[in-house]
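Q: Quick one: the structure is below, questions incoming.
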Amino acid sequence: MRDEAFYFFTSIGNYTGHSAASLDEFLLKVKDIDMKSLEFHLFREDFEKWIAQTLGDSRLSDDIRSLRIQKVAGNALRDRLYLVVSRRLKELKGPVVAR
Amino acid sequence: MKSKSQDATLDDLDRQILRLLQEDAKQTYGEIGNKLNVAHSTVYDRIRKMEQSGFITKYEAIVDTEKMGIPLITAQMIITTDPKETENIAKKMMRYGQVLEVATSFSEELVITAKVVAKDQAELHSFVARSVAPLPGVLRIRTAIVTKKFKEERFGIRPRKEWARLKE
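Heads up: the sequence lines are chains A and B, in that order.
In terms of the numbering used here, the numbers along the first sequence are unbroken and rise by one, the last being 106.
In terms of the numbering used here, the numbers along the second sequence are unbroken and rise by one, the last being 360.
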């Protein structure tokens with residue numbers, strides 16, 4: 008069982024069948040998951056809580072919180088969420104000290 | 193091997209007794225006997241036999257949770273599953289206190305249907321997200337929150353003649 012995974016819902020109790028157990032998996036899901044699911048979780052603060060509490064990434068959590076505060080929705084939400092997560096992933100996978 | 197219930201059959205008197213018990217299980221043997229024009233000892237014997245042979249499984253009190261000040265929401269869940277895991281998922285669902293009924297059903301796909309209760313929508317969502325969605329083999333979940341109940345009854349036993357009329 009993937010206890011720590013993020014489970015994507017479209018509304019209360021309606022599970023899409025998609026989950027992400029890492030930031031890499033999360034990014035892949037952001038690309039294709041039902042838009043309703045992105046909006047549902049953003050405004051419930053589920054993304055920022057999972058990223059802060061389970062993945063321990065408070066910086067990324069803050070970036071996502073700012074999307075919520077700005078009330079980003081629709082395709083813009085998908086694009087900007089993809090951008091902040093992919094940027095963070097690139098950063099985390101890059102060298103500690105740039106050459 | 194035959195079960196106890198397969199060895200026994202119910203006649204119309206048994207069915208009438210069962211129907212009266214379903215309406216009110218606190219009636220005395222004498223009251224039931226009077227209604228059916230039979231001796232209370234006959235009613236006693238019939239009820240004992242039906243208990244022993246498993247036709248009567250238990251007697252229970254139906255509690256009005258609203259009156260007790262316990263606000264609960266009820267939801268019907270349809271869980272689409274990997275057919276290899278359906279049985280395991282249903283068995284795991286049975287163990288949760290929030291789950292009142294679990295059954296497997298087949299329409300276009302093999303699914304589990306479950307009736308669940310929760311204090312509020314937040315608790316319902318948390319239960320589904322933390323306890324049901326992560327179960328191996330769960331493919332999709334659809335949940336409908338009950339907004340108004342129009343009828344809720346248990347299946348009422350009828351004498352055979354009434355059954356025949358129902359089938360017409």
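Yeah, the Cβ is synthetic: ideal placement off N, Cα and C, and Gly gets one too.
As the structure is a computational prediction, the values presented were derived from the model and not from experiment.
#1: Whole beta strand (DSSP E) runs in the region 296-346 of chain B with 3 or more residues, listed along the chain?
#2: Measuring only between beta-carbons, confirm whether B/Arg334 sits less than 8 Å from chain A.
#3: Measure the CB-CB distance between B/Thr278 and B/Thr296 and report whether it falls below 8 Å.
#4: Could you name the residues of the region 24-46 of chain A whose beta carbon sits closer than 8 Å to any beta carbon of chain B, in the order they occur along the chain?
#5: Suppose you measure from the CA of A/Ala27 to the CA of B/Lys311; what does that come to, to the nearest Å?
#6: My output table needs one value for A/Lys52: the three-state DSSP class, helix, strand or coil.
#7: Please tell me whether B/Ala356 has its Cβ less than 8 Å away from any Cβ of chain A.
#8: At 8 Å on the CB atoms, spell out the chain C contacts of A/Asn21, in chain order.
#9: Return the bridge partner residues of B/Ala267 from the DSSP annotation.
#10: Beta-carbon separation of B/Ile337 and B/Val324 under 8 Å?
#11: Since I believe A/Leu67 is in contact with A/Val92 (beta carbons under 8 Å), could you give me their beta-carbon distance rounded to a whole number of angstroms?
#12: Tell me the rounded alpha-carbon separation between B/Lys227 and B/Ile349.
#13: Could you tell me how far apart the beta carbons of A/Leu35 and A/Leu88 are, in whole angstroms, since I believe they sit closer than 8 Å?
#14: Which runs of the alpha helix (DSSP H) spanning at least 4 residues fall entirely within the region 44-98 of chain A, listed in chain order?
#15: Between the Cα of B/Ala314 and those of A/Ile19, A/Ala12 and A/Lys43, spot the shortest distance and give me the residue it belongs to.
#16: Using a C-beta cutoff of 8 Å, does B/Gln214 count as contacting chain A?
#17: Would you mind telling me which residues of chain A sit closer than 8 Å to B/Pro351, beta carbon to beta carbon, in chain order?
#18: Given that B/Val320 touches chain A, what residues does it touch there, using C-beta distances under 7 Å?
#19: Can you list, in chain order, the stretches of the alpha helix (DSSP H) that have 4 or more residues and sit fully within the region 223-291 of chain B?
#20: Please name the residue or residues paired with A/Phe16 in a DSSP beta bridge.
#21: Residues of the region 295-326 of chain B in Cβ contact with chain A at a cutoff of 9 Å, in chain order, please.
#22: Straight-line CA distance for A/Lys78 to A/Thr17?
#23: Distance check for A/Leu99 and B/Met286, CA to CA, integer angstroms please.
#24: So, with DSSP's three-state summary, where would you put B/Met293?
#25: Going along the chain, which residues of its own chain have a beta-carbon closer than 6 Å to the beta-carbon of B/Glu301, five neighbours each way excluded?
#26: Is B/Val309 closer than 8 Å to B/Ile265 when the C-beta atoms are compared?
#27: When Cβ atoms are compared, which residues of the region 270-287 of chain B fall closer than 7 Å to chain A?
#28: Give the DSSP-derived three-state secondary structure of B/Ala356 in the structure shown.
A: The answer reads as follows:
#1: 302-310 and 330-337
#2: yes
#3: yes
#4: Gly24 and Ser26
#5: 28 Å
#6: Checking the displayed sequence, the identity of residue 52 of chain A turns out to be Glu instead of Lys. A/Glu52 falls in the coil class under three-state DSSP.
#7: no
#8: Absent from the structure is chain C; the protein chains it does hold are A and B.
#9: B/Val308 and B/Ile337
#10: no
#11: 7 Å
#12: 16 Å
#13: Going by Cβ atoms, the distance from A/Leu35 to A/Leu88 rounds to 12 Å, so no, they are not a contact pair.
#14: 53-60 and 65-76
#15: A/Ile19
#16: no
#17: Result: empty, since nearest Cβ-Cβ is about 42 Å, beyond 8 Å.
#18: Gly20 and Tyr22
#19: 232-244 and 278-286
#20: A/Tyr22
#21: Val308, Gln313, Ala314, Leu316, His317, Phe319, Val320, Ala321, Arg322, Val324, Ala325 and Pro326
#22: 18 Å
#23: 43 Å
#24: Sequence inspection shows Glu at residue 293 of chain B; the Met mentioned does not correspond to that position. Note: B/Glu293 maps to strand in three-state DSSP.
#25: Thr272
#26: yes
#27: none
#28: helix
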